[in-house]
Amino acid sequence: MEELSFYKNIRWDDLCDQSFLVMVLESMYDALVVVDSTGLIVYVNPAYTRELNVKSSKVVGKRMKDIAPESIVLKVLETGMPEIGVQSRIIKLGIDVIVNSTPIFKDGKLTGVVSVFRNITTIRNLSEQLEKMKDYQDYLQEQLLKRALPEEFKGIIGNNTKFRSMLTRAMLAARSEITILIQGETGTGKDLIANAVHNASKRKKNPFIEINCAAIPENLLESELFGYEGGAFTGAKKGGKPGKIELADKGTLFLDEIGDMSIVLQSKLLRALQEKRIERIGGIDSIKVDIRLIAATNQNLETLIQENKFRKDLFYRLNVFSIETIPLRERRDDIPILSYYFLKKFSEEENKKCKLSENVLNKFMEYNWPGNIRELMNIVEAAVVTCNSRFIELRHLPAYFTAAISMHRTKKQNESFRLDSCTMKVEKECIMNALKESNNNKSKAIKMLCISRSAFYEKLKKYQIA
Numbered sequence: 007m008e009e010l011s012f013y014k015n016i017r018w019d020d021l022c023d024q025s026f027l028v029m030v031l032e033s034m035y036d037a038l039v040v041v042d043s044t045g046l047i048v049y050v051n052p053a054y055t056r057e058l059n060v061k062s063s064k065v066v067g068k069r070m071k072d073i074a075p076e077s078i079v080l081k082v083l084e085t086g087m088p089e090i091g092v093q094s095r096i097i098k099l100g101i102d103v104i105v106n107s108t109p110i111f112k113d114g115k116l117t118g119v120v121s122v123f124r125n126i127t128t129i130r131n132l133s134e135q136l137e138k139m140k141d142y143q144d145y146l147q148e149q150l151l152k153r154a155l156p157e158e159f160k161g162i163i164g165n166n167t168k169f170r171s172m173l174t175r176a177m178l179a180a181r182s183e184i185t186i187l188i189q190g191e192t193g194t195g196k197d198l199i200a201n202a203v204h205n206a207s208k209r210k211k212n213p214f215i216e217i218n219c220a221a222i223p224e225n226l227l228e229s230e231l232f233g234y235e236g237g238a239f240t241g242a243k244k245g246g247k248p249g250k251i252e253l254a255d256k257g258t259l260f261l262d263e264i265g266d267m268s269i270v271l272q273s274k275l276l277r278a279l280q281e282k283r284i285e286r287i288g289g290i291d292s293i294k295v296d297i298r299l300i301a302a303t304n305q306n307l308e309t310l311i312q313e314n315k316f317r318k319d320l321f322y323r324l325n326v327f328s329i330e331t332i333p334l335r336e337r338r339d340d341i342p343i344l345s346y347y348f349l350k351k352f353s354e355e356e357n358k359k360c361k362l363s364e365n366v367l368n369k370f371m372e373y374n375w376p377g378n379i380r381e382l383m384n385i386v387e388a389a390v391v392t393c394n395s396r397f398i399e400l401r402h403l404p405a406y407f408t409a410a411i412s413m414h415r416t417k418k419q420n421e422s423f424r425l426d427s428c429t430m431k432v433e434k435e436c437i438m439n440a441l442k443e444s445n446n447n448k449s450k451a452i453k454m455l456c457i458s459r460s461a462f463y464e465k466l467k468k469y470q471i472a
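So this is what it looks like as structure tokens:
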């Protein structure tokens, strides 16, 4: 193991294997330093040398007061008391750290100090960024109440309250470099959100590169993402080809349907995100990339994690800032405005002057829209193309749509004639009327209904009557 000679003077416990214990310490994410009772540095792990940008040979064997005279370690050596959760700043490096320093005692005598610290500069910067975003949120909410959207978001149609709240989150994210995970059903406009976020961000003048992970065969997706060098495989272009990640440098990379990416490729993507470098297939040089990542999926990634189909560490890397799109069935008040928007768009394209009949709009409001906005758009487009009169009627709509509406109505009618449903409805009305007549005096209501007290309270619970 590298520079093991520096550790030969460490007195390891007889029960532990020295090489194994060194391996454990060197695998730690947090920086660690050990000093003896005189303040002499006897061990530092690789995380320490990485964070402080020094070699082990430059610090091991030196006195802590000469290396870092402001170190908490010296205070612990002096007092023999632990210092836990101390926030400190390494001035010459400009980084903030949180330090845990603990004295080491043997036979009641202080023999040294072990100190662990973690760089929290990134976390602190993110916290400050979030504070600024909170201030901006108040401004955005005021703008939304006035129905005034930033120019980049004006192409996203809708006034529904839940939908507007979702847009607020998207606009907040646009002002940051934060990684975004957009989750939602197919056809809810995840790609529109990603585009709008990019166009409203500081990277708007740089590329927006989109790739649909579900639309490209697994054996080709790696080369599409990472690119390849000439001669890397049969059929490869002579001069090679840059991948989507490389093309997105200084801009935004949008990975749509990321839930369909293979586990193997997920690992390679995670490494690229962590190191901010990629290697083309068949290449030996690493290429530095600066990208803002937005990912989207219509799948439940947490379920995929449980099924070992998605990496948990990649999920946490992506899910820094989540946006959940709203299904059309949960924003029915937006159906008319969306319908007229698509009607105008496709009527102009077809050079027609079509209008939606009241009957068709009512059916649109009844329908459950499993395909969401994309399905509504396609139905309106097909209706405009087939319409040969002034009004779009049911006959102009796809057969599957009218069949689904008919089936839904039949189901509702059948339910309305069920005896148990009718009985429950009447029973609930009787209880509510009795409570109203008795001014909510439950004892009087029980007498009026001629039922037992236990039966009365069971029915209150059953019908959710307060």
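Quick note: the sequence shown, position 295, residue 301 per our numbering, numbers continuous.
We put the beta carbon where it would ideally sit given N, CA and C, even for glycine.
All of these numbers come straight from a predicted model, not from anything done at the bench.
Item: Under the DSSP definition of a beta bridge, which residues are partnered with Lys448?; Value: Note: Lys448 sits in no beta bridge, so no partner.
Item: Rounding to the nearest angstrom, what Cα-Cα distance links Pro376 and Leu299 in this structure?; Value: 28 angstroms
Item: Between the stretch 76-92 and the stretch 103-121, do at least 3 Cβ pairs fall closer than 8 angstroms?; Value: yes
Item: Report the rounded CA-to-CA distance for Gly245 versus Tyr234, giving the unit in angstroms.; Value: 9 angstroms
Item: Between the stretch 167-183 and the stretch 324-337, are three or more C-beta pairs nearer than 8 angstroms?; Value: yes
Item: Considering only the beta carbon of each residue, do Asn218 and Asp255 sit closer than 8 angstroms?; Value: no
Item: Here's a check: name, in chain order, each residue in its chain whose Cβ is nearer than 6 angstroms to the Cβ of Asp42, leaving out the five neighbours to either side.; Value: Val48, Gly118
Item: When burial is assigned at 16 or more other CB atoms within 10 Å of the CB, is Val30 buried or exposed?; Value: exposed
Item: Between the beta-carbon of Glu191 and the beta-carbon of Asn304, is there less than 8 angstroms?; Value: yes
Item: With a threshold of 8 angstroms on Cβ separation, who are the neighbours of Tyr469 within its own chain once the five nearest residues in sequence on each side are excluded?; Value: Met430, Glu433, Lys434, Ile437
Item: In the DSSP assignment, what residue or residues form a beta bridge with Gly233?; Value: Pro248
Item: Looking only at C-alpha atoms, which of Glu230, Ile188, Leu173, Gln189 sits nearest to Ala206?; Value: Leu173
Item: If you drop the 5 nearest sequence neighbours on each side, which residues of the same chain put their C-beta closer than 7 angstroms to that of Val386?; Value: Ser345, Phe348, Leu349, Phe352
Item: With a threshold of 16 other CB atoms inside 10 Å of the CB of Arg396, please say whether the residue is buried or exposed.; Value: exposed
Item: What did DSSP end up calling Gln189 once you bin it into helix, strand or coil?; Value: strand
Item: In the DSSP output, what is Glu258 paired with across the bridge?; Value: The sequence given here has Thr at residue 258, not Glu. Answer is Phe214, Arg298.
Item: According to the neighbour-count rule (16 or more other Cβ atoms, all chains shown, within 10 Å of its Cβ), is Tyr54 buried or exposed?; Value: buried
Item: Does DSSP put Phe407 in a helix, a strand or coil?; Value: helix
Item: Give the DSSP-derived three-state secondary structure of Arg5 in the structure shown.; Value: With the chain covering only 7 through 472, there is no way to say anything about residue 5.
Item: Of all the options Ser62, Glu57, Thr44, Leu58, which has the alpha carbon lying nearest to the alpha carbon of Val50?; Value: Ser62
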